[in-house]
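All the letters of the sequence shown, read from the start, carry residue numbers 82 to 852 under the working numbering. Note that CB positions come from ideal geometry on N, CA and C, so glycine has one too. Take a look at the structure below.
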Amino acid sequence: MDFQLLKETAKYLGDSKGLKEIEELEKVQSAGKLYLTVWGHYSAGKSKLLNKLLGQDILPTKTRETTAALTYIEYGPTDSVVITFEDGRTQQSSLDELNSIFQNTTADINTEEIRSINVTLENKLLKNGIVLVDTPGINTLLKRHNLLASSTINQSGKILYVLGGAPSNVDKKFITDISKTGTEIIFVRTKTDNIDPAEEDVREEIEFERNLVRKFVGDKLAQFTAVSNEETSEWFDNLNQLREQLKEIQKDTSKEIEHAIKSKVQIYANKYISELIERNKDINLAMTGDQEQLDHKILHKELQIENLSGRLENLEYELTSSTKRTSQKTKFELETLVDRYTLEFQSELHNSLKTKDDSKKADEVYNKFFEKLVSEVQKSLEADLNNLLSDNYPVVEGISTEPPTYQEAVLSVNSYVNDYKVELQNIKYQLEQKMIELEKLSSSNLPTDEEMQDLREQINQIDDYLKEIPKTPNMYTEEVQELKPSQIFEGAGKLIDIALLIVPGIGEGKLAKIATKMDKQIAKQLRRVHRAYQQTKSSGILDAARGFGQRVRAGRKYHDAAVEIRKGIMKQALNQSDSVLDMLDVSYWTRKLGEQFDLPPRLVVDPEEEKARVSQIDNLNAEKQRHVNDLRAKERNIERLNERKRRVQSETESLLERQKDLEHRQQVAENEAMQRIAQESINNYINDYVAYFRKNAGELVRRMHEAYFAQALQNIALYVVKTNQELSEQLEEQKQQLSELVETSKNGTNSLEEEITRNNQWITEFKEFSR
């Protein structure tokens, strides 16, 4: 990287600020160190974050906000601390003393005089040239050390920007300024566990802040990692991502350094290309003899210089308005500061003044706190008005009033024990009421144990009665038909048997006729059976009627083939165990035929007995439920009464304990009454002194605030001229360069042609670098 070209161009174009920054970049490249600088507001958690990344508690996490020293942490074979002061002096220290140094409690070191602190650690994360830079709050550094801030950003290879909350306007401006330098920014959102999930969605808030900072830098891919320094938080694990990222950077720091410097140099190259092109245009005007255009440009510069006065007036108005707004804000902050110091002063007095003899210490405490308050107010005002005061700080006269004196409090001992007496009297009355209540409860008419046992036995006896009652209804059998088919058929057979016996001379032919007539009688009976079936079916007596109908249909088949029936009956009879004599009767066979159509008997519930059984069960259950309800009601009454007794007894015991405690405390109060009177005197004295401190502090701070801002308003005009002097000189220099071009062109164009050629060569080289 040709730093020589950049430096020559900066000198040629009169960019002294750029020249200095380029020289610093050259030193960074030569040193071979990659500076990872940590920026952010005071108390954003920068130091704690670095401690977590290093795995060591190196940096103090509670420092004074006005401390503006930078802390460099790099690798070394041994742990060491070297302090560099503003005057160039150095002093050896140790890690154990770092906390005292930052708190400005070390006797031989004044923090305000420290320029930087260099710490070396034998830590693997710092190998290969990584240097971690811890900075104070950006407000502190920007108010007191603008040049230091600019230099630190310029040397940074990467920046860890720590946000302890949503980015503020100060963050926005600072982040925007950093992004213009070409430095890569890694955003770290700490204290994510402080976001209240009851008020807002944590992840949505993080995403909102991520999009916000990306808008600041114009990069949708800018890294934004949400972490927490608290190990119990779910965000704590994200610290490992940062640690792993540092390890990746550590693998090739030279490449990271080259990339970082190239990004910064690229900005200067683009800037110088534009300025060189504009310079060549002016030279061409001089070479072509376009005196009118050159004169116009010179005139334009002169007008710009003349218009500075108008701009100064506008700037003066803006600064005056801004100062007045700052005055209101600072006034509120100083009032809050007075409140804080008053509370601390009050606490210190309570710790220091215990007896009347200690009252003399009040003046010492007062002077100590008053001096500290004045010093902090002065620093706050100087920080807010640093540029406007220009070291011309006003002198404010002190406050001279008589301090309060110690006086014995006039109090009565009874004032300390009256409350106990009243409360003891009240407890005595309550105890009497509790005893009366206990007597009433004891005399309550409650059922005896014998009565309760009788109820339980009656319930058990009813249960025994219920067990003796049959579980199912009483059943008996009932014929389905009043006149069975078998009876009808048997009657017809008997008539035939009688006819055969009393009617002599019946031959086979007559017998056949009789048989035929019998068949007709059978058919007639079948028809009667069928009608009975139809009536049974329509009345829906039992499902057995369906079987009876089937038998009727079977009878019809017999009617259609009477002869076959007789043959069948005969064949069946031969397979029966009945006697041969029975088989000789016609009635025997007709009965057998009728049995085919008989319906079986059915089971029927005895309604009278069933009604009596159900009634008995219902009566017993009702009697049992009545006894159960009676038993439960008496048990509840007994339990309620016993519970009331226990409660009253417990309250009585508590009252007795309270009575005993109050009697003891009353005795102690009486013994300590005199001591309390003494303490009351001390408290009154402290309150008087606190009021004295608050009044004097408020008055002095008011005077200082008015004096400092009055001085600032007087110095605004001088401050405007001072801050714009560089712009005026730059315009004069540009005007002088144009005038010199006019003069040079009068002596020929050779030198101008050479200048354009060189400028074009530089432009070409810068463009090649940009590729």
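Skipping 5 residues on each side, what residues in its chain have a beta carbon closer than 8 Å to that of Gln697?
Ile550
Local Cβ density within 10 Å of Glu383, reported as buried at 16 or more and exposed below that:
exposed
Indicate whether the contact test is met: 3 or more Cβ pairs, each with one atom in the region 569-577 and one in the region 672-684, closer than 8 Å.
yes
With C-beta atoms as the reference, is Gly121 less than 9 Å away from Lys352?
no
Would you list the residues sitting across from Trp120 in a DSSP beta bridge?
Tyr242
Beta-carbon separation (whole angstroms), Ala150 vs Ile190, contact threshold 8 Å:
With 8 Å as the limit, Ala150 and Ile190 do not qualify as a contact, their Cβ atoms being about 11 Å apart.
Pick from Phe426, Gln817, Arg270 and Val283 that is closest to Gln304, judged by C-alpha positions
Arg270
As a quick exercise: from Val498, Thr830, Asp333 and Ile182, pick the residue whose alpha carbon is nearest that of Phe166.
Ile182
Starting from Ile266, trace the beta strand (DSSP E) both ways and give me its first and last residue.
Glu265 to Arg270
If you follow the alpha helix (DSSP H) that Thr90 is in, where does it begin and where does it stop?
Phe84 to Leu94
Distance CB(Ile256)-CB(Ile234) smaller than 9 Å:
no
Quick check for students: name the residue ranges of the beta strand (DSSP E) that lie wholly in the region 295-319, counting only runs of 3 or more.
305-307
Can you tell which of Ile240, Thr558 and Asp300 has the C-alpha that lies nearest to the C-alpha of Thr118?
Ile240
I need the DSSP call for Gly99, collapsed to helix, strand or coil.
helix
Return the chain-ordered list of same chain residues with a C-beta closer than 7 Å to the C-beta of Asn310, the five sequence neighbours on each side being excluded.
Gly126, Lys129, Leu130, Lys133 and Thr271
Does Glu513 come out as helix, strand or coil in the three-state DSSP assignment?
helix
Nearest neighbour of Asp769, chosen from Leu357, Tyr447 and Thr553 [CA to CA]:
Tyr447
Beta-bridge pairing of Phe166 - partner residues as DSSP gives them:
Ile195
Tell me which residues share the same chain as Leu522 and place their Cβ nearer than 8 Å to its Cβ, disregarding the 5 neighbours each side in the sequence.
Leu722, Arg725, Lys726 and Val729
For the beta strand (DSSP E) that contains Ile211, what are its first and last residues?
Ile211 to Asp215
Does the contact criterion of 3 or more C-beta pairs under 8 Å hold for the region 354-368 versus the region 831-849?
yes
Cα-Cα separation between Asn717 and Leu519, rounded to whole angstroms:
A quick correction: the sequence has Arg, not Asn, at residue 717. Between Arg717 and Leu519, the C-alpha separation is close to 19 Å.
What residue range is occupied by the uninterrupted beta strand (DSSP E) comprising Glu559?
Met556 to Glu559
When the Cα of Lys332 is compared with those of Pro248, Lys208, Asp138 and Phe297, which residue comes out closest?
Lys208
Let me know if Lys848 comes out buried or exposed under the rule of 16 or more other beta-carbons within 10 Å of its beta-carbon.
exposed
Simplified DSSP state of Thr152, which is helix, strand or coil
strand
At a cut of 8 Å, does the region 150-159 reach the region 276-283 through at least three beta carbon pairs?
no
Which of the three DSSP states, helix, strand or coil, is assigned to Ser525?
coil
By alpha-carbon positions, which one of Ala693, Leu665 and Gly238 ends up nearest to Val346?
Gly238
Kindly indicate which three-state DSSP category Ser174 falls into: helix, strand or coil?
strand
Counting along the chain, where does the alpha helix (DSSP H) carrying Leu179 start and finish?
Leu179 to Phe183
C-beta atoms of Leu244 and Val162 nearer than 9 Å
no
What number of angstroms, rounded off, separates the C-alpha of Glu373 from the C-alpha of Arg784?
60 Å
Rounded to whole angstroms, what is the Cα-Cα separation between Ala778 and Arg421?
11 Å
Which whole runs of the beta strand (DSSP E) in the region 315-371 are 3 residues long or more, in chain order?
none
Could you tell me if His431 is buried or exposed, where buried requires 16 or more neighbouring beta carbons within 10 angstroms of its beta carbon?
exposed
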